[in-house]
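Here is the structure we will look at.
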Amino acid sequence: MTVRANRTRIATAAIAATVGLSGCSVGLQDLPLGAGGRNAFDVTAELVTADGLVSGADVRHGQQIVGRVTDMRLEERHAEITMTIADGTDLPANTTLNVELPSALGTPFVRLSEPEEPEGRLTEGSHLDLSDTGVGPQIESTLAALGNILGGSGVSQLQSVMSSLNTAFENRSDKVGDLIDTLNRLLARSSKYTDDFNAAMAEAADVSELLVAQQQTVDDFLGQVPQAVNVLAAQRDQIAKLMSQTTRLTTNVAAITRGRQETLNHLVGDAEQMVKSLSAFNTEVGSTLDNMNAFMKNFDRAIRGDYLVFDGSLDIPGGIDKILTGGLLLAGGPLPTPDDLRNVLSGGLANTKPKKTTPTKTTTPTPSPPAGAPR
1 MTVRANRTRI ATAAIAATVG LSGCSVGLQD LPLGAGGRNA FDVTAELVTA DGLVSGADVR
61 HGQQIVGRVT DMRLEERHAE ITMTIADGTD LPANTTLNVE LPSALGTPFV RLSEPEEPEG
121 RLTEGSHLDL SDTGVGPQIE STLAALGNIL GGSGVSQLQS VMSSLNTAFE NRSDKVGDLI
181 DTLNRLLARS SKYTDDFNAA MAEAADVSEL LVAQQQTVDD FLGQVPQAVN VLAAQRDQIA
241 KLMSQTTRLT TNVAAITRGR QETLNHLVGD AEQMVKSLSA FNTEVGSTLD NMNAFMKNFD
301 RAIRGDYLVF DGSLDIPGGI DKILTGGLLL AGGPLPTPDD LRNVLSGGLA NTKPKKTTPT
361 KTTTPTPSPP AGAPR
């Protein structure tokens, strides 16, 4: 009886020692909770940082724990975790992941959220990229930001702003009220031009798009600008000389035209008459060419055999004289003196004065002498 009791005590001690030794390598985070076992699948995810996240952390979907973090490792410049998700968890393949804190002293956990446009299904071996994951605010960063604010990086500036506002508004409440009323009226008037503002912004956007589309052209132009500036700089003396000559020319033209306004006005009228005369001349030349074309067509029709002998002449000087002077030059008549431009263009016929007609004198015929009278 005593031997059996001793054996029982030894077995109990051995079991206790085994459990104690195994407890050194097994923690509570390794115990299965909500997922694990055979009915689960593994999903990997990339994180910018895994600070504070431990192996065995909860994986939640909504308020439900659907798995645990089973592995963590460093891949190049980011962390990568492996999550074991309970089988039957229906999540899309483009699920988003975020590391959150339940409280200030809580353990970080992983939250899985469905996107607005779900695609596919999360299955064994699925992988979430950095673009689909994020890390929420941490206690260390929050306390550091608060320390910066309380350390004078923001409070002193805020105090200066408040002091300046108090100084500006002191004993000026009426002016501040008028300023607010003016701003209200300005906003009320500007609301009437909302469509114009929107149209202007749309046009500005179109211009921006056009500039973006022509970015290469703009870059090429800007690249050529320094060369153009260098060329102008090299021609600086010539440009200065040209400007000086232009100034002298302007002075001379002003001296010439000073006191001759009436003459210049007549010159403009004469120029108008010249343009009209040239236009009429152009019309006559056009009709002459049309007649020549008709003549050539009829001339072709007149050829009945293999050839046609034609003896003719084209009097070009006579035609020009007929158009410009009315035929006075070749007729041998004296040309009128061109008193003005109009008289020249019309061949001296515009201001031709009618010739004075002298009355013919009637002479009484003398009687013939009688026959036999001396002559």
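Heads up, the sequence shown is in the UniProt record's numbering, so the first residue is 1 and it goes up one at a time.
Using N, Cα and C, we set each Cβ at its ideal position, and we do this for glycine too.
Contact between the segment 124-133 and the segment 163-172 is absent, with fewer than three C-beta pairs closer than 8 Å. Taken through DSSP and simplified to helix, strand or coil, S103 comes out as coil.
A straight line joining the alpha-carbon of S190 with that of A168 spans about 27 Å.
In the DSSP assignment, L47 falls within the beta strand (DSSP E) that extends over A40 to L47.
Closest option to D71, judged by alpha-carbon separation, among Q64, V59, Q63 and R77: V59. With 16 or more other Cβ atoms inside 10 Å of its own Cβ, F109 counts as buried. Sequence-distant Cβ neighbours of T82 in its own chain, meaning closer than 6 Å and more than five residues away, are D42, T44, T70 and D71. A straight-line Cα-Cα distance of about 20 Å links A199 and L186. When the alpha-carbon of V54 is set against those of L308, Q64 and G106, the nearest one is in G106. The criterion of a C-beta distance shorter than 7 Å is not satisfied by L47 and A93.
The Cβ-Cβ distance between L112 and L97 falls below 7 Å. Secondary structure at S126: coil, using DSSP grouped into helix, strand and coil. For the 7 Å CB-CB criterion, T89 and V66 form a contact.
In this structure, G52 keeps its C-beta atom at 7 Å or more from the C-beta atom of R68.
Taking a C-beta distance under 7 Å as the contact criterion, L143 and L122 do not qualify as a contact pair.
Pairing L211 with A233, the inter-Cα distance amounts to about 29 Å. Between V176 and G136, the C-beta gap is not smaller than 7 Å, which leaves the two residues out of contact. In this structure, the alpha-carbon of S208 lies about 30 Å from that of A188. In this structure A40 touches T84 by the C-beta definition: roughly 5 Å separates them, less than 8 Å. DSSP lists E100 as the bridge partner or partners of F109.
Membership of V229 in the alpha helix (DSSP H) is indicated by the continuous run Q215 to A234.
By the Cβ neighbour-count rule, S126 is buried, with 16 or more other Cβ atoms within 10 Å of its own. In the displayed model, G147 falls within a helix according to three-state DSSP.
Collapsing the DSSP output to three states places D87 in coil.
For R185, the enclosing alpha helix (DSSP H) has its first and last residue at S173 to S191.
In this structure, the straight-line span from the alpha carbon of M274 to that of G312 is close to 34 Å. Between the alpha carbons of E140 and L146 lies a distance of about 10 Å. Cβ contact annotation for L128 (same chain, cutoff 6 Å, sequence separation greater than five): A45 and L97, in chain order. DSSP places R68 in the strand class (E or B) of the three-state scheme. Taking the CA atoms as reference points, A255 sits about 27 Å from D237.
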